[in-house]
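Chemist:
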Amino acid sequence: MLDGLRREFPEVITFARALPHPRVARASPFWSMMAAFGAGFFASGIVTILVSLLFRLTTRETPLPAPFELAGLAGTAAALAVAWVGGGRTTVAGYLGVLALERLLGLPGQLRFCGEFGGFAVLGGQLCSVGGYLIALWPQLLGVAVAIALARWLRTGPGDRNPTLEAAGIYALVQTLGGTFLNLILGPATVGSPVWPISFLLLAIAGGAAVGYTVVRRATRKPRTLGIVVLVIAAEFALLSLPPLVSQLAQARGTNLIGPVELLAYFSPVFAIGAATIVLYMAAVRRIDTMAR
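Position 168 of the sequence shown, counting from 1, maps to 895 under the numbering used here, and the rest follow consecutively.
Here it is, written out as structure tokens:
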């Protein structure tokens, strides 16, 4: 099959071979796993942005995968490939273990959803059966297959750290597992209750602080490393979250549908960026003070 593709599309094969091979440094199991989550964060974020913008500009006559499905495929493929190159089987097992834990912790919420809406085909018919649940995992399963090819493209780089990927991975892990734990502990959000918005805001601040700490500890070019992570966080917020918020605010004008606490929660990525920047600034001030002494 590959030989046939080479004969039919020689220009594509030549172009693919000319592409530079990204390099991933081998690190300890923990940091290589963080790098894997970071690769998934960047891949899924970029794909979500591009596909969402593309869908807005085109009219779809045939059903296509949703942006979050394509993002899940890209994120899984990138994460597993980086995990394999950066840490080997131990890191791959750790990454898959975290994903399994996330799914396990999300089961109570899924069962609660199916108990309330499972009788309605539109809302729960596809998610509240074993077959439907497994079918919904197709992006991750296909991502595993893509990761095999992607891992062959990557190369082992020098050093023992991948600071940009690690910082992004810390943020993704805090947001993902933190949100899952909040859903498990707090249950469904109650309209008008400040518990969920405040918890979500605190989670974002914790994620941002973790990013800043990782940059301080692992990065050599700290502002550049933080800037790359912040760029993706800000782009997702500005291009995907902010337009619906503006539209919702315009529709809710003169009503109390969106309170001040809920509005702050919408801007949680901004607070995450601020927390990361403050941590980096405080570390720089402390370093300058130490040098002055």
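C-beta: ideal position from N, C-alpha, C; glycine also.
Keep in mind it's a predicted model, so treat the numbers as computed, not measured.
Determine, using beta-carbon pairs with one atom in the stretch 901-916 and one in the stretch 944-956, whether at least three such pairs fall under 8 Å.
Modeler: no
Chemist: Do GLU843 and ALA754 have their CB atoms nearer than 9 Å?
Modeler: no
Chemist: What do you get for ALA874, buried or exposed, if any count of 16 or more other CB atoms within 10 angstroms of its CB means buried?
Modeler: buried
Chemist: In or out: ALA669 buried (at least 16 other Cβ within 10 Å) or exposed?
Modeler: This structure does not reach residue 669, given that the chain is present from 728 up to 1020, and the question cannot be answered.
Chemist: Return the CA-CA distance between ALA810 and GLN978, expressed in angstroms with no decimal places.
Modeler: 45 Å
Chemist: Just checking, does the stretch 749-769 make contact with the stretch 793-812 on the three C-beta pairs under 8 Å criterion?
Modeler: yes
Chemist: Please state the DSSP three-state secondary structure of GLY802.
Modeler: helix
Chemist: Relative to the C-alpha of THR907, which candidate in PRO835, TYR1008 and ALA766 has its C-alpha closest?
Modeler: PRO835
Chemist: CA-CA distance, LEU991 and GLY799?
Modeler: Straight-line spacing of the CA atoms in LEU991 and GLY799 works out to 27 Å.
Chemist: Would you mind working out which of PRO747, MET1018 and ALA1010 sits nearest LEU881, comparing C-alpha positions?
Modeler: PRO747
Chemist: Please report how far the alpha carbon of PHE840 lies from the alpha carbon of THR817, in whole angstroms.
Modeler: 35 Å
Chemist: Mapping DSSP to helix, strand and coil, what is ARG750?
Modeler: strand
Chemist: CA-CA distance, GLU963 and SER771?
Modeler: 10 Å
Chemist: Relative to the C-alpha of VAL871, which residue among ALA965, LEU838, VAL1006 and TYR822 is closest?
Modeler: It is TYR822.
Chemist: Could you say which of THR803, GLY986 and VAL959 lies nearest to ALA895 if we only look at CA atoms?
Modeler: For ALA895, the nearest C-alpha among the options comes from VAL959.
Chemist: Looking only at C-alpha atoms, which of GLN837, GLN867 and LEU869 sits nearest to SER856?
Modeler: GLN837
Chemist: Within its chain, find whatever has a CB closer than 7 Å to the CB of ALA829; leave out the 5 residues flanking it on each side and keep chain order.
Modeler: The amino acid occupying residue 829 in the given sequence is Glu; Ala does not appear at that position. Closer than 7 Å at the Cβ level, and outside the excluded window around GLU829, lie THR903, LEU904 and THR907.
Chemist: Between the Cα of PRO890 and the Cα atoms of ALA766, ILE1015 and ASP1016, which residue gives the shortest distance?
Modeler: ALA766
Chemist: Throw me the rounded Cβ distance for the LEU1007 and GLY939 pair, which I believe falls under 8 Å.
Modeler: Their Cβ separation, rounded to whole angstroms, is 5 Å, which keeps LEU1007 and GLY939 in contact under 8 Å.
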